[in-house]
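Protein chains: 2
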Amino acid sequence: MTGESISEAESAVLTVLWDHGPAAAEDVTAALAASRGWQESTVKTLLGRLLRKGAVRARKDGRRFIYSPALAREEWLSRESESLLNRLYGGRVAPLVAHFSRHRKLSKRDIRELKRLIGELEDD
Amino acid sequence: MTGESISEAESAVLTVLWDHGPAAAEDVTAALAASRGWQESTVKTLLGRLLRKGAVRARKDGRRFIYSPALAREEWLSRESESLLNRLYGGRVAPLVAHFSRHRKLSKRDIRELKRLIGELEDD
DNA sequence: TCTTATCGTCTACAGACGTAAACGATGAGG
DNA sequence: CCTCATCGTTTACGTCTGTAGACGATAAGA
Chain A
387 MTGESISEAE SAVLTVLWDH GPAAAEDVTA ALAASRGWQE STVKTLLGRL
437 LRKGAVRARK DGRRFIYSPA LAREEWLSRE SESLLNRLYG GRVAPLVAHF
487 SRHRKLSKRD IRELKRLIGE LEDD
Chain B
387 MTGESISEAE SAVLTVLWDH GPAAAEDVTA ALAASRGWQE STVKTLLGRL
437 LRKGAVRARK DGRRFIYSPA LAREEWLSRE SESLLNRLYG GRVAPLVAHF
487 SRHRKLSKRD IRELKRLIGE LEDD
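In order, the protein sequence lines correspond to chains A and B. In terms of our numbering, the first sequence opens at residue 387 and continues consecutively. In terms of our numbering, the second sequence opens at residue 387 and continues consecutively.
The following block contains the structure:
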């Protein structure tokens, strides 16, 4: 179910749907013309591919279609993240954090949030 | 410098070089024939592409070449990880950890290591 | 020196990807 | 009813990827 892999360009389209909810191709294009400089044609192609992959649903509204995400953002985040974790860090989170720590890529804010996060976890 | 992007298959080849140090195509093939079922031809193609991209170096040793990584593993880890963090989590680490926490994907071991990690960090 | 095994390089090829124009159906306005 | 604007669908096309066979040079052994 919804198993196909989502390309970078496709995920940009999905992101618009996640952020703004159901929308017509025109609206999606409006958003992506601004952020990525894409033509309406491009967006239509991507929507078509997402439809075929089952990652997007289309409900007819008169002459046009209203598209909405069929794949949940959290599900997509999981897939992408786990894929990277598996490929690079043996499927675990700690080594990734360790990597960023080694390279001092953790902001004060990151550290603060991480402290709170694992603080909440330790007693479950 | 070493700017080209590395594909999944290519990174498998690099991984062999990182793990076993400089090696001839034959040795790399031995490792990858086992783990991925690749033919020698495939590995040679990949080595060639990595050479062209500057991610691998070749020193001639008699009739053959000895290949070694020109791109450091840590550098590659950084690129891949940061790219994902940027695309999915606003470039920060904490939201990714939060995501895994939400989905109970943090093992006991992860939690233990994360505790130690941020414990070491808090007083720097 | 002639032959052959062994390397690396070149060529191949289908499928995914990014990007977009061309085309065809169809609804709305005249 | 006819025409045009508007959608979605088809077609296009260069590049990258995964996978691998074909080819050509050349060193080593006979």
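Note that CB positions come from ideal geometry on N, CA and C, so glycine has one too.
In terms of residues, what are the limits of the beta strand (DSSP E) holding Lys491/B? Here residue 491/B refers to the residue found at position 105 of the second sequence. First-last for Lys491/B: undefined, no H or E at that position.
Find the residues of chain B that neighbour His406/A, judging by a C-beta separation of less than 9 Å, and give them in chain order. For the purposes of this step, residue 406/A is taken as the residue at position 20 of the first sequence. The contacting residues do not exist; His406/A stays about 18 Å from chain B at best.
Counting only C-beta atoms, is Glu390/B closer than 8 Å to chain A at any point? By one-based count along the second sequence, residue 390/B stands at place 4. No, no contact with chain A.
Count the other CB atoms within 10 Å of the CB of Glu394/B; is the residue buried (16 or more) or exposed (fewer)? Position 8 of the second sequence, counted from the first residue, corresponds to residue 394/B. That one is exposed.
Please report the residue range of the alpha helix (DSSP H) in which Arg450/A lies. As a first step, residue 450/A must be located in the first sequence, where it is residue number 64. Unbroken run through Arg450/A is the beta strand (DSSP E), Arg450 to Pro455; no alpha helix (DSSP H).
Once DSSP output is grouped into helix, strand and coil, what is the label at Ala444/B? For the purposes of this step, residue 444/B is taken as residue 58 along the second sequence, with counting starting at 1. Assignment of Ala444/B by DSSP, reduced to helix, strand and coil, places it in the strand class.
May I ask you to list the residues that DSSP assigns as paired with Ala409/B? Residue 409/B sits at position 23 when you count from the first residue of the second sequence. Per DSSP, Tyr453/B.
Helix, strand or coil for Gly423/B? Go by DSSP, reduced to three states. On the second sequence, residue 423/B is found 37 positions in, with the first residue counted as 1. Three-state DSSP puts Gly423/B in coil, outside helix and strand.
One question on the structure: do Ala458/B and Glu390/B come within less than 8 Å of each other, judged by their Cβ atoms? Along the second sequence, one-based indexing puts residue 458/B at 72. Along the second sequence, one-based indexing puts residue 390/B at 4. Cβ distance not < 8 Å, so Ala458/B and Glu390/B don't count as in contact.
Going by alpha carbons, who is nearest to Ala420/B out of Val399/B, Ile497/B and Arg449/B? Against the second sequence, residue 420/B aligns to sequence position 34. Of the candidates Val399/B, Ile497/B and Arg449/B, the one whose C-alpha sits nearest the C-alpha of Ala420/B is Val399/B.
Whole-angstrom distance between Ser454/B and Asp405/B, CA atom to CA atom: What you label residue 405/B is simply residue 19 of the second sequence in a count that begins at 1. What you label residue 454/B is simply residue 68 of the second sequence in a count that begins at 1. Using only the alpha carbons, I get a separation of about 11 Å.
Any idea what DSSP makes of Ala458/A, helix, strand or coil? As a first step, residue 458/A must be located in the first sequence, where it is residue number 72. Note: Ala458/A maps to coil in three-state DSSP.
Out of curiosity, what's the CA-to-CA distance linking Ala416/A and Ala456/B? Mapped onto the first sequence, residue 416/A falls at position 30. Mapped onto the second sequence, residue 456/B falls at position 70. Those two C-alpha atoms are separated by around 43 Å.
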